[in-house]
Amino acid sequence: MASRYQSLKGFRDTLPEESLRWQWLEGIIRDQMRRYGYGELRLPLVESTELFSRGVGEGTDVVSKEMYSFLDKSDPPESLTLRPELTAGAVRAWIEHEIGKNQGLTKWYYVGPAFRYEQPQSGRYRQFTTFGIELIGSPLPEADAEVILAGVGLIESLGIRNYRLRLNSLGMPEERAAYRVALLEFLNARRSQLSQESIRRMESNPLRVLDSKKEEDVAATADAPKILDFLADESRAHFNRVRGLLDDAGVQYVVDHKLVRGLDYYTRTAFEFQGLDLGAQDALGGGGRYDGLIEQLGGPATPAIGFGFGIDRLLLAAEAAGAIPNQSAALDVFVVGLGDSARAWAVQTTRLIRQAGLAADCDLLGRSMKAQMREANRRNARHVVIAGDNELAAGKAQLKDMQGHAQQEVELGDLLNVIQSREEGG
RNA sequence: GCGGGUGUAGCUCAGGUGGUUAGAGCGCCUGGUUGUGGCCCAGGAGGUCGUGGGUUCAAGUCCCAUCACUCGCCCCA
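Heads up: the first sequence begins at 83 in the working numbering, then just goes up one per residue.
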């Protein structure tokens, strides 16, 4: 409050205590990805603006009003954008490095920040952290199932139980175009019952009217035509196969024909994981198939499917589920030195203990013994080593067990060995 | 971009109808043990009451503006 500078709206600091929670979550993600066979992709935070406007879609909210774009200092200036999502960058990298020529199937994952200029609220920030996977090269429903199952696996291993998996098929472009015509016809007939927002959306992206939370829209679209009825045999068979694979895996899901994703590139399978303990921003993650995107960005026509999760929201959901373990950065040893030369000795001894692989610390504020003991306690130190100048002259120090209060005198030469055997013992 | 709520100590919050030295709990510091933590006791530091303006003899309290945070719409992660 007294500080002159504050973090920007929608941007946050993560302090060390909170970072432990992030590390916990990221550890689970990395372990999952190792088991599922995905390699980590690290992408630039900034890409050319055109990559996103072409890849994500001009008409999407993300591109039309939420991007952090700016001109750089080159001549002529180039328009760059802080990535609002990572799929476009991943696809760009895949094309750029000609990955398809070396392997039939690519399995990538990534974790990192993305940026969107939006009004922040619960679970929504201008800088948020995404975890996503991309499975590139397979048109088969088995690939869809693998990706969805990876999402289920992650959510469950985070201890999140109160969630819902929604599934839909958006069809191929020609199927969607036919549906769009039918839907527009239906909506036009009920124009007067729709909200202003939805009427506006009929122009830009009529499918998204189905997604509205406004009561009048929900009522007006209750009997809207379903896209699933517009699927040709191949898309229908694909969808049914995906469902069958999920059924075989015992995964619970609901088919929701109103599930429409906000990004233009999806084809056929679309899905979303909804966190039931979250606020209005309840999409834990979502994704789908994007068979046309790679070609659209100048690569070889290649089918692909992926998802993106919001780590911020996963954390909120895991917390609501009480699944986040209590973690403390416990100290193995705190070294208390009393007197001038003993303080110098404490610095050296702390270093030796650290070099032996244990977590050790000593006082750096010139504090009294009592204050140092308090610090040791506050830091959850298992052991405390105490020595004064006279003791050191005699070649000895006190080793105290902070749980059992027991204290013993130890020869300086034996100190490290004694501590190590105690730490191993428990 | 549009609505609702909230801004008082590091944190969580009290402070009827304006009245003088602005409080509590937790945390922090010191002491009670001239070299021993946690519990307890005593003491202490720490606040331009978000900011600016206005009304008034007098504003944390009333009015206006503004900023920030927060929740929701929209959209998504």
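By construction, the Cβ of each residue, glycine as well, lies at the ideal position given by its N, Cα and C atoms.
Contacting residues, own chain, Cβ-Cβ under 6 Å from Pro202 (five flanking each side not counted): Gly92
For Gln71, which residues from the same chain have a beta carbon less than 8 Å from its beta carbon, with the 5 sequence-adjacent residues on both sides left out? Absent from the structure is residue 71, since the part of the chain shown begins at 83 and ends at 508.
Report the residue ranges of all beta strand (DSSP E) runs contained in full by the region 120-179; include only those spanning at least 3 residues, in chain order. 128-130, 150-153, 161-164, all fully within the region 120-179.
Where DSSP assigns a beta bridge to Arg206, which residues make up the other side? Gln203
Using the Cβ count rule (16 or more neighbours within 10 Å means buried), how would you classify Asp373? It is buried - the Cβ of Asp373 has at least 16 other Cβ atoms within 10 Å.
Under a three-way DSSP split, which group does Arg248 fall into? Under the three-state reduction of DSSP output, Arg248 falls in the strand class.
Tell me the DSSP secondary structure of Asp373 in three-state form. Asp373 falls in the coil class under three-state DSSP.
Could you tell me the boundaries of the beta strand (DSSP E) in which Arg350 lies? 349-357
Using only alpha-carbon positions, find the residue among Asn184, Ala469, Arg504 that is nearest to Glu491. Here the closest residue by C-alpha is Ala469.
Return the bridge partner residues of Phe389 from the DSSP annotation. Ile215, Gly369
For Glu148 and Leu240, I'd like the C-alpha separation in whole angstroms. Glu148 and Leu240 have their C-alpha atoms some 30 Å from each other.
Could you work out which residue in Phe355, Gly369, Gln356, Gln363 is closest to Gly348 when comparing CA atoms only? Correcting the residue type first, residue 348 is Tyr in the shown sequence and not Gly. That would be Gly369, whose Cα lies nearest to the Cα of Tyr348.
Between the alpha carbons of Leu90 and Gly448, how many angstroms are there, rounded? Rounded to the nearest angstrom, the two C-alpha atoms are 37 Å apart.
So which of Asp95, Leu102, Val173 has the shortest CA-CA distance to Glu377? Val173
Cutting at 7 Å between CB atoms, please list the residues of its own chain near Ala479, excluding the five before and the five after it. Val467, Ile468, Ala469, Glu473, Val492, Leu494, Leu497
Does DSSP put Val342 in a helix, a strand or coil? coil
Residues in its own chain within less than 7 Å of Tyr120 by CB, not counting five upstream and five downstream? Lys189, Trp190, Tyr191, Ile215
Can you find at least 3 beta carbon pairs, one from the region 214-233 and one from the region 381-397, that sit closer than 8 Å? The region 214-233 and the region 381-397 touch, with no fewer than 3 CB-CB distances between them shorter than 8 Å.
Compute the distance between the beta-carbons of Gly137 and Ala170, then report whether it is under 9 Å. Cβ atoms of Gly137 and Ala170: closer than 9 Å.
Can you tell me which of Asp330, Val300, Tyr261, Val291 puts its alpha carbon nearest to the alpha carbon of Ala314? Tyr261
Check whether the region 243-255 and the region 344-363 are in contact - that is, three or more C-beta pairs closer than 8 Å. yes
For the beta strand (DSSP E) containing Thr188, list its first residue and its last residue. 188-197 is the span of the beta strand (DSSP E), which, as asked, contains Thr188.
With respect to the beta strand (DSSP E) encompassing Leu420, which residues constitute its N-terminal and C-terminal limits? Counting along the chain, the beta strand (DSSP E) containing Leu420 begins and ends at 415-420.
Could you work out which residue in Glu506, Glu279, Tyr118 is closest to Arg290 when comparing CA atoms only? The closest CA to that of Arg290, considering only Glu506, Glu279, Tyr118, is found on Glu279.
Roughly how many whole angstroms lie between the Cα atoms of Glu100 and Arg433? 27 Å
Out of Pro223, Ala365, Asn244, state which residue places its alpha-carbon closest to the alpha-carbon of Asp293. Nearest C-alpha to Asp293: Ala365.
Given the structure, does Ile215 come close to the ligand MG, in the sense that its CB is under 8 Å from one of the ligand's heavy atoms? Ligands in the displayed structure: none, and consequently the ligand MG is not present.
For Asp443 versus Ala453, is the C-beta spacing smaller than 9 Å? The Cβ-Cβ distance between Asp443 and Ala453 does not fall below 9 Å.
What separation, rounded to the nearest whole angstrom, lies between the Cα atoms of Phe152 and Ser135? 14 Å
Just tell me which of Gln114, Val145, Leu162, Arg283 has its CA closest to the CA of Asp232. A quick correction: the sequence has Ala, not Asp, at residue 232. It is Gln114 whose Cα lies nearest to the Cα of Ala232.
So the candidates are Gly344, Ile111, Ala405, Leu168; which of them puts its Cα closest to the Cα of Leu125? Leu168
Is Ile242 helix, strand or coil when you go by DSSP? coil
Three-way DSSP call (helix, strand, coil) for Gln502 in this model: The DSSP-derived three-state label of Gln502 is helix.
From this set, Gly477, Ala196, Glu132, Leu123, which residue's C-alpha is nearest Glu160's C-alpha? Glu132
In the DSSP assignment, find the unbroken beta strand (DSSP E) run with Lys478 in it and report its ends. 478-483
Report, in whole angstroms, the separation of the C-beta atoms of Leu269 and Val333, which I expect to be a contact under 8 Å. That pair is no contact at about 33 Å.
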